[in-house]
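Protein chains in written order, with our numbering: chain A, 42 to 205; chain B, 152 to 560.
All remarks here apply to the structure that follows.
Right under this line is the structure:
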């Protein structure tokens, strides 16, 4: 084990508070169990046996927004669903992140019409866009890893400014 | 962004009983974000304690405007939209759409393409039933069903990826045939799948069919009377579980289904358990069809050679002037369909999936309407959940197997 070698016989680890907080946040980031359309099926595939997203600390899908950190917008967002989506986002406790999964959530996809928001960033702030129609489970996992990278780079100064 | 509308009870007074107005019964929203509604369905429930008095489905949260969008696209390009209708059954949607176009412009499909369409739609039926079995197992707290079913589903998706390059939204069937011929390893991969899948269905059945917990949660629940089912236009497994032997593959055969030997599983109980049994049996029947179709897969072209509607192969374009012209015309302008209206229907995993199409002499359809099975099957829900508990409502809803993309379009 690498960490034991680094520890030696001292029994202590020195690190920064930011690193610890970000490490904890990335390794227990609970997504909300919230599927909209086709992408939700691929999101389920990513959770199931073959792709197994729990390898990245993502196995617990929470059905309640109040218990989740990450919203995966999996599918097209219609004009009727938009306000509901916003309310769900508002109900999530801070810190929270959003993945726009698939082309419809990212930019409207093939549905350039009256019924669909041309990108879910019109409704909620998005951190990571995942391309594909629908994206393969690997692509979703890559999106999740990307958001982990983003979280690992956050600093306390940024938190303070965000919630000022 | 529009705000959530505050609705007073006056607006839906006629839908709930009088006791709801006095506060004797409780009105409760289930959805649009709920793990057991299988999508974004909102059910407005009137509850007396834990018993459902009234259930009012509110749909439209996934309204996509697919039918309208198709009017702005040529016949070839509009097909891409059909994949996203019923996203558990993209190939079935392609098939219904292609059949409608073929009927409209009077286009023949080669026998090899017909057999390929049968094989792939039956595999799609299995994969759709697997998602249903996995998620409804999850609703009834049988978590392992989800893992097992998705394991087998991945194998089917690998087959789709092999033939078309995409896992879900394949658009593999095209008017006049299929996109391209299958790769050589196709037959081996499908046979491997058939070999293991028989045993896997047995495995699912040992987990659920005689499991006392599962029986308690499903038997005698959500009884659907055949007369009620017929009056609501219910089709597919819910209808067959109520004792009506109606399957379009037998009743109005298409794509050469009449040459395959298979049974239509029916039950007479009409409850949640009967629907489960019918679907599991249907998976076995689908395996039979795939095996037969694979055994006598004819050789020959996979696309019609009517160059007015089907683009020529790439090899012809370099050597034939006509081929180049046809290619150019088909991919810029598209083909024109006569002024007529047609209806083509298939038996999708959920029931009768029909496409009504109206041509107006131009390369774009004047109107495309989908008769989607989930929409009609959901209509019967308020009638079969009356008197059930909220926990049973989840089981009944999942047993109808709705897909919201299919309902809202």
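We put the beta carbon where it would ideally sit given N, CA and C, even for glycine.
Let's test the definition: count the other Cβ atoms within 10 Å of the Cβ of residue 344/B and tell me whether it reaches 16, buried, or not, exposed.
The count along the second chain starts at 1 and reaches residue 344/B at position 193. Classification of residue 344/B: buried, given that the 10 Å Cβ count is 16 or more.
Which residues of chain B have a Cβ atom closer than 7 Å to the Cβ of residue 97/A, listed in chain order?
Taking the first residue of the first chain as 1, we reach residue 97/A at position 56. The contacting residues do not exist; residue 97/A stays about 18 Å from chain B at best.
For residue 520/B, the residue or residues it bridges with in DSSP
In the second chain, the residue the question calls residue 520/B occupies position 369. Residue 520/B is bridged to 507/B.
DSSP three-state assignment for residue 170/A, whether helix, strand or coil:
Translated into positions along the first chain, residue 170/A becomes position 129. Residue 170/A falls in the strand class under three-state DSSP.
So with Cβ pairs under 9 Å, would you call residue 285/B a contact of chain A?
Counting from 1 along the second chain, the entry for residue 285/B is found at position 134. Judged by the 9 Å Cβ criterion, residue 285/B is in contact with chain A.
Which residues, in order along the region 254 to 287 of chain B, keep a beta-carbon less than 9 Å from a beta-carbon of chain A?
282, 285, 286
If you draw a straight line from the alpha carbon of residue 67/A to that of residue 306/B, how long is it in whole angstroms?
For the purposes of this step, residue 67/A is taken as the residue at position 26 of the first chain. For the purposes of this step, residue 306/B is taken as the residue at position 155 of the second chain. Their backbone Cα atoms lie some 31 Å apart in a straight line.
Own chain residues within Cβ distance below 6 Å of residue 489/B, not counting five before or after:
As a working note, residue 489/B is residue 338 in the second chain. Contacts found: 510.
For residue 156/A, return the contacting residues in chain B, with the cut-off set at a CB-CB distance below 7 Å.
Here residue 156/A refers to the residue found at position 115 of the first chain. Within chain B, the residues near residue 156/A are 214, 215, 216.
Counting only runs of 4+ residues fully inside the region 420 to 478 of chain B, write out the alpha helix (DSSP H) ranges in chain order.
423 to 446, 465 to 468
Count the other C-beta atoms from every protein chain shown that fall within 10 angstroms of the C-beta of residue 194/A, then say buried if there are 16 or more, exposed otherwise.
The residue given as residue 194/A occupies position 153 in the first chain. Exposed, by the Cβ-count rule.
Using only the alpha-carbon positions, how far apart do residue 193/B and residue 496/B sit?
Against the second chain, residue 193/B aligns to sequence position 42. Against the second chain, residue 496/B aligns to sequence position 345. Approximately 29 Å between the Cα atoms of the pair.
Counting C-beta neighbours from all protein chains within 10 Å, is the total for residue 391/B 16 or more, i.e. buried, or is it exposed?
Within the second chain, residue 391/B is the residue found at index 240, counting from 1. Looking at its Cβ environment, which holds 16 or more other Cβ atoms inside 10 Å, residue 391/B is buried.
Cβ closer than 8 Å: which chain B residues qualify as neighbours of residue 227/A?
A query on residue 227/A cannot be resolved here, the shown segment of chain A reaching from 42 to 205 and no further.
Does the beta carbon of residue 305/B come closer than 9 Å to any beta carbon on chain A?
As a working mapping, residue 305/B is identified with position 154 in the second chain. Residue 305/B counts as touching chain A.
Out of curiosity, what's the CA-to-CA distance linking residue 74/A and residue 187/B?
Residue mapping note: residue 74/A aligns to position 33 of the first chain, counting from 1. Residue mapping note: residue 187/B aligns to position 36 of the second chain, counting from 1. Spanning the two alpha carbons is a distance of roughly 10 Å.
For residue 79/A, which beta-bridge partners are listed by DSSP?
Translated into the one-based positions of the first chain, residue 79/A becomes position 38. In the DSSP output, where bridge partners are listed per residue, residue 79/A has none listed.
Kindly list the residues whose CB is nearer than 7 Å to the CB of residue 535/B, restricted to its own chain and excluding five residues on each side of it in sequence; keep chain order.
As a working note, residue 535/B is residue 384 in the second chain. Cβ within range, chain order: 373, 374, 375, 547.
Would you say the beta carbon of residue 417/B is closer than 8 Å to some non-hydrogen atom of the ligand ATP?
Questions concerning the ligand ATP fall outside what the structure shown contains, since it holds no ligand whatsoever.
Closest to residue 550/B by C-alpha separation, out of 364/B, 284/B, 335/B, 176/B, would be which residue?
By 1-based counting over the second chain, the position of residue 550/B is 399. When only C-alpha atoms are compared, the closest one is 284/B.
Quick check on this structure: which residue in 79/A, 157/A, 61/A, 162/A has the alpha carbon closest to the alpha carbon of residue 122/A?
Taking the first chain and counting its residues from 1, one reaches residue 122/A at position 81. The option with the nearest alpha carbon to residue 122/A is 157/A.
Backbone secondary structure at residue 220/B - three-state DSSP:
Here the question's residue 220/B lines up with position 69 in the second chain. The answer is helix: DSSP assigns residue 220/B an H, G or I state.
The beta strand (DSSP E) that contains residue 138/A, what's its start and end?
For this step, residue 138/A is matched to residue 97 along the first chain. First-last of the beta strand (DSSP E) with residue 138/A: 138 to 142.
Residue 72/A - DSSP class collapsed to helix/strand/coil:
Here residue 72/A corresponds to residue number 31 of the first chain, with the count starting at 1. Reduced to three states, the DSSP call for residue 72/A is strand.
Against chain A, which members of the region 339 to 358 of chain B pass a CB distance test of less than 8 Å?
none
Which residues in chain A have a C-beta closer than 8 Å to the C-beta of residue 231/B? List them in chain order.
Here residue 231/B refers to the residue found at position 80 of the second chain. Here the neighbours are 151.
Against chain A, does residue 235/B count as a neighbour if the rule is that its beta carbon must be under 9 Å from one of theirs?
In the second chain, the residue the question calls residue 235/B occupies position 84. True, the Cβ-Cβ gap to chain A drops below 9 Å.
Contact defined as beta carbons within less than 8 Å: I believe residue 348/B pairs with residue 527/B. What is the distance between those atoms, to the nearest angstrom?
Locating residue 348/B in the second chain gives position 197, counting from the first residue. Locating residue 527/B in the second chain gives position 376, counting from the first residue. The pair is not a contact, with the Cβ atoms about 30 Å apart (cut-off 8 Å).
Does the separation of the CB atoms of residue 357/B and residue 234/B fall below 9 Å?
Taking the first residue of the second chain as position 1, residue 357/B is located at position 206. Taking the first residue of the second chain as position 1, residue 234/B is located at position 83. No, they are not a contact pair.
Note the first and the last residue of the continuous beta strand (DSSP E) segment covering residue 290/B.
The sequence position of residue 290/B within the second chain is 139, counting from 1. Run containing residue 290/B: none in the beta strand (DSSP E); it sits in the alpha helix (DSSP H), 262 to 290.
Please tell me whether residue 527/B has its Cβ less than 9 Å away from any Cβ of chain A.
Working through the second chain from its first residue, we reach residue 527/B at position 376. Cβ-Cβ to chain A under 9 Å: no for residue 527/B.
Find out if the Cβ-Cβ distance for the pair residue 190/B, residue 78/A is shorter than 9 Å.
By one-based count along the second chain, residue 190/B stands at place 39. By one-based count along the first chain, residue 78/A stands at place 37. It is a contact, given that the beta carbons lie within the stated cut-off.
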